[in-house]
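**Student:** Per our numbering, residue 5 is the first one in the sequence shown, and the count goes up by one each step.
We put the CB at the ideal spot given by N, CA and C, even for glycine.
As the structure is a computational prediction, the values presented were derived from the model and not from experiment.
The structure's right below; bear with me while I get my questions together.
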Amino acid sequence: MAKVKSKWVCQECGYETAGYLGKCPECGAWGSFTEEVQSLQKPVAFLDDIKPSPLTDIHIGEEVRIKTNISEFDRILGGGLVQGALVLIAGDPGIGKSTILLQTGGELCKSGKKVLYVSAEESSSQIKLRAERLSINCDNLYIYPQTNMEAIKAQIEELSPDIVVIDSIQAIYSGVISSSAGSVSQIRECCNFLMQIAKTKNITVLVIGHVTKDGNIAGPKVLEHMVDTVIYFEGDKYKSFRILRSMKNRFGNTSEVGIFEMKSNGLSCVTNPNELFLNERSQEAIPGSAIVVANEGTRPLLVEIQALVGTTPYAAPRRVTNGVDTSRLLQILAVLEKRVGLNLSKQDVYVNVTGGIEVDEPSADLGIALAVATCARDVVVDSQTVIIGEIGLSGEVHPVNNIEKRLNEAALSGFKKAIIPYANKIKSDKIEVIPVKRLIDAISACVSNVGSV
Ligand code: TYD
Ligand code: MG
């Protein structure tokens, strides 16, 4: 029988020690160590027969892409799934991870691929129910309710599928390690196992990962390091939009996004997201609303920023954000106070991005500032105007990238005017361009009754 020894592992970062520690010396987490028993069986050698070779002797094999035929998914993958890639899809419970991968499995089967869907969380009949809802019915899609990694490996060898889906990495375990499923050692071991399968058998493996309440993928960061592609599934669970965001991609562009809508028969691609994000907006201009053009990957997205400013009943005024970074808002408020003379010291400020999406781009600064300023003074930004620009601490407006693309998108969505940074000044015959050097100029340019600001 193989010898066993125990070790203590930090569940946050994977740091290992021989005894218990209250605080992790690696990541600083408190009370994160748990004891894990490990067998001393020698791990199987990985690609043992490969020898180093000079760079000049290496020939690039043709990269085989498998189209999923789900256009938004293909787009964030950089044109389809790469054969032999290990892809991690992470997101909150109930966001639609199992749905998108079952849909992907169905589409791949239609194009003649063999798919093995390993369900470690749901029974076969539960998957069948979901498949019926999604109108998927094909005999090349194998459903396998299993949690044991060794059994999964045996089935992969027997079936030799083109694509394997693991739902989810936190629910499967390897018999080599005695700690429970979901522990750092198990996740690492299972991921290693899947990596070997993907690389040695040239099978594409799609892995679902849960996220913790802080929004990180449960398990060590090492999981993100090991896989080829990391995709986050975001969105408001209570709204129908879902956004797939690629955070790491060894085979394509990162920061690309795919937009979906959850319907009663599954996720459907949203090809014109601007219609979706702006159609709830009232056609009349209202104080505290500004449209910004944020770049999401290669695609500009028009989103509405809303602000609410009012006298605070509290000792310290509130600054609450939804969809934008709070520290970014604090900086913009400081600039508005100092450079524009807007007194917000006794005002609560709430900023919200409609549509449940996150805008983390500095080009939205000017739009946020205008939403706050117009609400504070009860004036409006013209409803046909988009706002683009980053704000510096002295109140100057910095240029942004991809200005042409952003302007085209705004014009396509029917906007007539765009306030843009002076340094980005370009001529456009599709939309009237108003270049501004300073925040105060932007306020005067778009607000007709600005006298009191
Ligand atoms: P699911 O894929 O099970 O989420 P996850 O695997 O990320 O936990 O999807 C969960 C939600 O999606 C569930 O609350 C029901 C909803 N849903 C629809 O609205 N339409 C559908 O066609 C399907 C399959 C699910
Ligand atoms: Mg699920």
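Taking all protein chains shown into account, decide if Cys142 is buried (16 or more other Cβ within 10 angstroms of its Cβ) or exposed.
**Tutor:** exposed
**Student:** Which partner residues of Val296 appear in the DSSP bridge assignment?
**Tutor:** Val307 and Ile391
**Student:** Could you tell me whether the Cβ atoms of Val91 and Glu67 are closer together than 8 Å?
**Tutor:** no
**Student:** Hey, how far is the Cα of Trp34 from the Cα of Val211?
**Tutor:** 29 Å
**Student:** If Pro291 and Thr378 are in contact, beta carbons under 8 Å, what's the gap, nearest whole angstrom?
**Tutor:** 5 Å
**Student:** Spell out the partners DSSP gives Leu271 in its beta bridges.
**Tutor:** Met266
**Student:** So what does DSSP say about Gly455, is it helix, strand or coil?
**Tutor:** Annotation note: pLDDT 41 at Gly455 (below 50); position unreliable, coordinate value reported separately. Gly455 falls in the helix class under three-state DSSP.
**Student:** Where Gly239 and Glu20 are concerned, what is the direct C-alpha to C-alpha distance, given to the nearest angstrom?
**Tutor:** 35 Å
**Student:** Would the beta-carbon of Gly110 fall within 8 Å of that of Ile140?
**Tutor:** yes
**Student:** List the residues that DSSP assigns as beta-bridge partners of Met27.
**Tutor:** Reading off the sequence, residue 27 comes out as Lys, not Met. Beta-bridge pairing links Lys27 to Trp34.
**Student:** In the DSSP assignment, find the unbroken beta strand (DSSP E) run with Lys252 in it and report its ends.
**Tutor:** Phe245 to Asn253
**Student:** Tell me the DSSP bridge mates of Leu92?
**Tutor:** Val211 and Val234
**Student:** Taking the CB atoms as reference points, tell me whether Thr233 and Ala89 lie closer together than 8 Å.
**Tutor:** yes
**Student:** Could you tell me whether the Cβ atoms of Glu260 and Ser250 are closer together than 8 Å?
**Tutor:** yes
**Student:** Give me the Cα-Cα distance between Gly18 and Leu227, rounded to the nearest whole angstrom.
**Tutor:** 10 Å
**Student:** Would you decide whether Gly455 is buried or exposed? Buried here means 16 or more other CB atoms lie within 10 Å of its CB.
**Tutor:** With a pLDDT of 41 at Gly455, under the threshold of 50, the predicted position of this residue should be treated as unreliable, though the coordinate-derived value follows. Counting Cβ neighbours within 10 Å, Gly455 comes out exposed, since fewer than 16 surround it.
**Student:** Please go through the segment 96-142 and give each complete beta strand (DSSP E) segment of 3 or more residues, from N-terminal end onward.
**Tutor:** 119-123
**Student:** Quick test of your reading: Asp96 and Val215, contact by CB under 8 Å. State the CB separation rounded to the nearest angstrom.
**Tutor:** Cβ-Cβ separation between Asp96 and Val215: approximately 6 Å, consistent with a contact (criterion under 8 Å).
**Student:** Give me, in chain order, the residues of the same chain whose beta-carbon lies closer than 8 Å to that of Gln107; leave out the 5 immediate sequence neighbours on both sides.
**Tutor:** Ile74, Leu138, Ile140, Gly270 and Leu271
**Student:** Starting from Leu145 and walking both ways along the beta strand (DSSP E), at which residues does that stretch end?
**Tutor:** Leu145 to Pro149
**Student:** Go ahead and pull the three-state DSSP assignment for Lys203.
**Tutor:** helix
**Student:** Please tell me whether, using a cut-off of 7 Å, the distance from the CB of Asp96 to the nearest non-hydrogen atom of the ligand MG is below it.
**Tutor:** Taken from the Cβ of Asp96, every heavy atom of the ligand MG lies 7 Å or farther away.
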